[in-house]
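These notes are about the structure you will find just below.
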Amino acid sequence: MSTLSDPPAESFQLSQLLNDTRYRSYTFQFIALILLILAMAWLGYNLAQNLAAAGLNISYEFLGEPAGYDINQRLIEYDSQSTHWRAAIVGVLNTLLVAVLGCFMATVIGVVVGVLRLSKNWLVSKIMAIYVEIFRNVPVLIWILIIMAVFVAILPQPRDFRGDDPAASMVLDLFAFTGRGFYLPRPYFTVEWASGGTGWLVVLAVLVGSFFGARALAKWATATQEATGQRPTTWYFTLGIWFVPLAFVLLVMGLAWDIPALKGFNFQGGIFMRNSLIALTFALAIYTAAFIAENVRAGILAISKGQTEAAASLGLRPNRIMNLVILPQALRVIIPPLISQYLNLTKNSSLAIAVGYMDLTGTLGGITLNQTGRAIEAVLLLMLFYLTISLSISFIMNIYNNSVKLKER
Amino acid sequence: MADKSIAFVRTEMLPQQAPPASQSGVIKWVRENLFPDVLNSILTLVALYFIYKIVAGAWPWLSNGIWTTSSLAECREILDGATGGCFSVLTERWNQLLFGFTYPTEEYWRPTLAFVLLFVAAAPLLFAMYVPRQVLYFTALYPFLAYWLIWGGTILIPIVAIAGFVVGYLAFTRVERQSFAMGLLAAVVAAALTWWIGGFVSGALSGFVALPEVPSRDIGGFMLNFILGVVCVSLSLPLGIVLALGRQSDMPIIRIICVVFIEFIRGVPLITLLFVANVVLAYFLPPGTNFDLILRVIIMITLFSAAYIAEVIRGGLAALPRGQYEAADSLGLDYAQSMRLIIMPQALKISIPGIVNVAVGLFKDTTLVSVISMFDLVGMIRGPILASTEWNGVYWELWGFAILMFFPICYGISQYSQWLERQLATDHR
């Protein structure tokens, strides 16, 4: 039915702003915006007043000044004459170090525990259940402090390695595990041109090359399989692609090991991992592993038995069933919570301050903040760093989720 | 011919034989569950060895434990080199571990009573089907009562606070007919007015039915963890619901505000927010305002967990079929009504496990306040107790106590949520 005349012209009344659903949302948004601006202005005004009263200003100049404190665990050159900015970078690298090591360990432990919890072995599955429940239900800060205390108490001190009949000895004469930290052999290059950072860049380049080589080989194998029905055996080629160039390069550059040795009251040489780093990484890893184990278990249980049976009835062998049918589906369930666990671990690594490990919270948010009194600037930078990490990881996760999403029509 | 046949047909049944020993009872269970094949047998043996090591290590420590000395040195003297725990640190310092080291000793009954009453107050919420609804009135009164018991002061302060809420509610019911938003506004104005007037009254009569006041900085130990956990969870639930609804809203500005807030809070570690509470927040308040650290920490932790709860509830909202929203619209319900009557009850039900996870996580995270030098349970252990000359070095006993405090509560809550989920399961699967 069509109208013959124009609809009556609507007269706009002020009450429509509150009662008409078409306009009401504008009113609300307007009010919300005004309130937000007012709140911001109020906070800003207070801030300006407080800063003026204290004779301060917002400035990041302090980052260029010498820090004046030492950092005992670092990945790059740093001394007490370096700037606060340098100290913050050392902190960032330390945070990332703990995060990467922790995520790796947590994944390994978590997957093993998650699978073992589904084991038919009653005793093993019960032990794993107890592990998961105990670690999930006690604060991570307590675990960090306990493990730190255990490390210091149980492992021998460097002085125990001295004398003719020492109370402790190095493992294989290569590694020294002490209450002060772990001493590990350090690889370095004897050939002159590779002795700086260049050598490691070369190694990295070779590894990247090997990765693409191995991928190309796998592609060729798949193509051959599709053409002839037979998949050529390639594992020794793959192994060769990974290791032959690497071994060659390392040989050319003269790889040597700097082995820690006891000199005086302490070990010298090698890589030193301070006890706080070890304890923090380990505690974060076993705490997060308890959560990852639950995710893994849920992921495996989410795949219905029918999938296995259907694959078996197609004549696939058990390992092919796992690789081609179960894992791709289980991973879709496991990966998103796994990544949010990684994020949690990274954020929890800020608890390093409790054991005196100098991550970003310890340098920028700890000593720098206390020395310079620049609370607002330091906390803002600190938040910005964690925010960047979180947002970039969730961005990557969204891309991944979209790529593995079930394509439904 | 038949009698010459060698065929033999048994005419009566044989009595039933017991199954072979290997196929029944304990042996069968052990064979199937512990030693089904080589790999599992090895695993079982490793596990048994592991259990043996733990028991062998822990048993003498527990059974030789010393409970009555007054310092670690005395413990070591009595033990004389033997293995044994020095649990006397617990018998001597239990009050500090539970209540903090400056909470007045003669007032311990107050937080204890508040703790016991918490169970009464929580019962109608947690076990709604078994507890009479009238107890809910007590639940509503409980926060004010608990504040009065723990912090002390005149009883007029909680009474004025209650009066504010009552007046606000009355105003709301009067104006609600016109519009939900107007009702809300009226309620806020009325309540604020009541509190403003009541502030003068309670200020003038500060001695009226008063308990001795305990300042916030005297509150510590596990009590602090518990207060922070309970208060922040209760406050963050409504805030989380509002944020979740805001994030799902059709209004772009409100949605953006909520998204930015939620993503910001979820992107930073709690510890940075506690730094904000500790050193930064004061800059953003009017000069001269000085409200205590516990309150600042409560605000920050509440905001923190509200963002997480909002995400959980958003999941619940997204999981509801669209038909529910459309059905509510077609009944002619407005936004507030449809949310309150149709959407939220279902969405919250779906989100229970997630909310409980957040709550447990939050309760565990309350230990982080020890980093900004508040003396909660962890702060007490690390600070005054391990630093004292008597107890320097008693790690296992103290941390064991901390685990013993946190584990049953967190485990209990998660078990409760699973039970509740089964209770609320209305679908037939």
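Residue numbers (this note's numbering), protein chains in the order written: chain Z, 1 to 409; chain V, 410 to 838.
Ideal placement from N, C-alpha and C gives every residue a C-beta, glycine not left out.
Could you tell me the boundaries of the alpha helix (DSSP H) in which residue i lies?
i: Q81 of chain Z; result: Note, Q81 of chain Z: premise wrong, no alpha helix (DSSP H); not H, not E.
i: L381 of chain Z; result: A375 to V404
i: Y69 of chain Z; result: Segment: none, Y69 of chain Z is in no alpha helix (DSSP H) and carries neither H nor E.
i: M753 of chain V; result: M753 to D774
i: T178 of chain Z; result: First-last for T178 of chain Z: A176 to T178, but that is the beta strand (DSSP E), not the alpha helix (DSSP H).
i: I49 of chain Z; result: Correcting the residue identity first, residue 49 of chain Z is Gln in this sequence and not Ile. Element bounds for Q49 of chain Z: T21 to A54.
i: N687 of chain V; result: Premise fails: N687 of chain V is in no alpha helix (DSSP H) and is neither H nor E.
i: Q341 of chain Z; result: L327 to N348
i: S643 of chain V; result: G630 to Q657
i: I794 of chain V; result: Here I794 of chain V belongs to no alpha helix (DSSP H), and DSSP marks it neither H nor E.
i: M789 of chain V; result: L786 to M789
i: N442 of chain V; result: G434 to N442
i: A430 of chain V; result: It is not in any alpha helix (DSSP H) - A430 of chain V carries neither H nor E in the DSSP assignment.
i: A667 of chain V; result: It is Cys, not Ala, that sits at residue 667 of chain V in the sequence shown. Its alpha helix (DSSP H) spans residues P661 to G676.
May I ask which residues mark the beginning and end of the beta strand (DSSP E) holding residue i?
i: N266 of chain Z; result: N266 to Q268
i: W257 of chain Z; result: L255 to D258
i: Y183 of chain Z; result: G181 to L184
i: F617 of chain V; result: Where F617 of chain V is concerned, there is no enclosing beta strand (DSSP E), given that its DSSP letter is neither H nor E.
i: R274 of chain Z; result: I271 to R274
i: A261 of chain Z; result: A261 to K263
Given a cut-off of 8 Å, decide if residue j and residue i are closer than it, judged by their beta-carbon atoms.
i: R705 of chain V; j: L690 of chain V; result: yes
i: L786 of chain V; j: G630 of chain V; result: yes
i: N275 of chain Z; j: G365 of chain Z; result: no
i: A600 of chain V; j: F574 of chain V; result: yes
i: N94 of chain Z; j: Y357 of chain Z; result: yes
i: F670 of chain V; j: A716 of chain V; result: yes
i: R186 of chain Z; j: I76 of chain Z; result: no
i: A290 of chain Z; j: Y60 of chain Z; result: no
i: W470 of chain V; j: G493 of chain V; result: yes
i: F102 of chain Z; j: L345 of chain Z; result: Rather than Phe, the amino acid found at residue 102 of chain Z in this sequence is Gly. Cβ distance < 8 Å, so G102 of chain Z and L345 of chain Z count as in contact.
i: L118 of chain Z; j: I300 of chain Z; result: yes
i: A256 of chain Z; j: T190 of chain Z; result: yes
i: L679 of chain V; j: M748 of chain V; result: no
i: A403 of chain V; j: F609 of chain V; result: Since the first residue of chain V shown is 410 and the last is 838, residue 403 of chain V is not available in this structure.
i: I278 of chain Z; j: F151 of chain Z; result: yes
i: L506 of chain V; j: F810 of chain V; result: yes
i: V202 of chain Z; j: V249 of chain Z; result: yes
i: D79 of chain Z; j: Y188 of chain Z; result: no
i: V525 of chain V; j: V544 of chain V; result: no
i: F516 of chain V; j: V685 of chain V; result: At residue 516 of chain V the sequence reads Glu, which differs from the Phe that was named. No.
How would you list, in chain order, the residues of chain Z whose beta-carbon sits under 9 Å from the beta-carbon of residue i?
i: L694 of chain V; result: L43, N46 and N50
i: R791 of chain V; result: L145 and A354
i: T453 of chain V; result: N121, W122, L123 and V124
i: T776 of chain V; result: P139, V140, L141 and I142
Can you tell me the Cβ-Cβ gap for residue i and residue j, rounded? I've got them flagged as a contact below 8 Å.
i: L384 of chain Z; j: V92 of chain Z; result: That belief does not hold up - the Cβ atoms of L384 of chain Z and V92 of chain Z are roughly 11 Å apart, past 8 Å.
i: K120 of chain Z; j: N442 of chain V; result: 7 Å
i: F553 of chain V; j: A570 of chain V; result: 6 Å
i: A285 of chain Z; j: M105 of chain Z; result: 4 Å
i: A354 of chain Z; j: L33 of chain Z; result: At roughly 41 Å, the Cβ-Cβ gap does not stay under 8 Å, so A354 of chain Z and L33 of chain Z are not in contact.
i: T363 of chain Z; j: I144 of chain Z; result: T363 of chain Z to I144 of chain Z, Cβ: 18 Å. No contact.
i: Y692 of chain V; j: I376 of chain Z; result: 6 Å
i: C641 of chain V; j: I710 of chain V; result: 4 Å
Closer than 9 Å by beta-carbon distance: list the chain V residues that pair up with residue i, in chain order.
i: Y386 of chain Z; result: G676, V677, P678 and T681
i: E294 of chain Z; result: Those do not exist, as E294 of chain Z stays about 11 Å from chain V at its closest Cβ, beyond 9 Å.
i: S390 of chain Z; result: E672, R675, G676 and V677
i: L118 of chain Z; result: Those do not exist, as L118 of chain Z stays about 13 Å from chain V at its closest Cβ, beyond 9 Å.
Quick one: list the residues of chain V neighbouring residue i, beta-carbon separation under 7 Å, in chain order.
i: K347 of chain Z; result: P678
i: E133 of chain Z; result: Y820
i: Q29 of chain Z; result: M660, I662 and I663
i: S59 of chain Z; result: Near S59 of chain Z there are no residues of chain V at all, since even the closest Cβ is about 14 Å away, more than 7 Å.
Quick check: is the beta carbon of residue i nearer than 8 Å to any beta carbon in chain B?
i: M383 of chain Z; result: Annotation note: the requested chain B is absent from the structure, which comprises protein chains Z and V.
Residue i versus chain Z: which residues are under 7 Å apart at the beta carbon?
i: A811 of chain V; result: I142
i: A456 of chain V; result: L123, V124 and I127
i: L443 of chain V; result: N121, W122 and L123
Kindly list, in the order they appear in chain V, the residues whose Cβ is closer than 8 Å to that of residue i.
i: I376 of chain Z; result: V689 and Y692
Using the beta-carbon of each residue, which ones in chain Z are nearer than 8 Å to residue i?
i: I571 of chain V; result: Residues of chain Z passing the Cβ test: none, with the nearest at roughly 27 Å.
Which runs of the alpha helix (DSSP H) fall wholly inside the region 83-146 of chain Z and span at least 4 residues, in chain order? Within the region 83-146 of chain Z, the complete alpha helix (DSSP H) runs of at least 4 residues fall at 84-117 and 122-136.
Please go through the region 444-474 of chain V and give each complete beta strand (DSSP E) segment of 3 or more residues, from N-terminal end onward. Taking only runs of at least 3 residues, no beta strand (DSSP E) segment lies wholly in the region 444-474 of chain V.
Length at least 3, wholly inside the region 693-752 of chain V: the beta strand (DSSP E) runs in chain order: List check, beta strand (DSSP E) in window: nothing returned.
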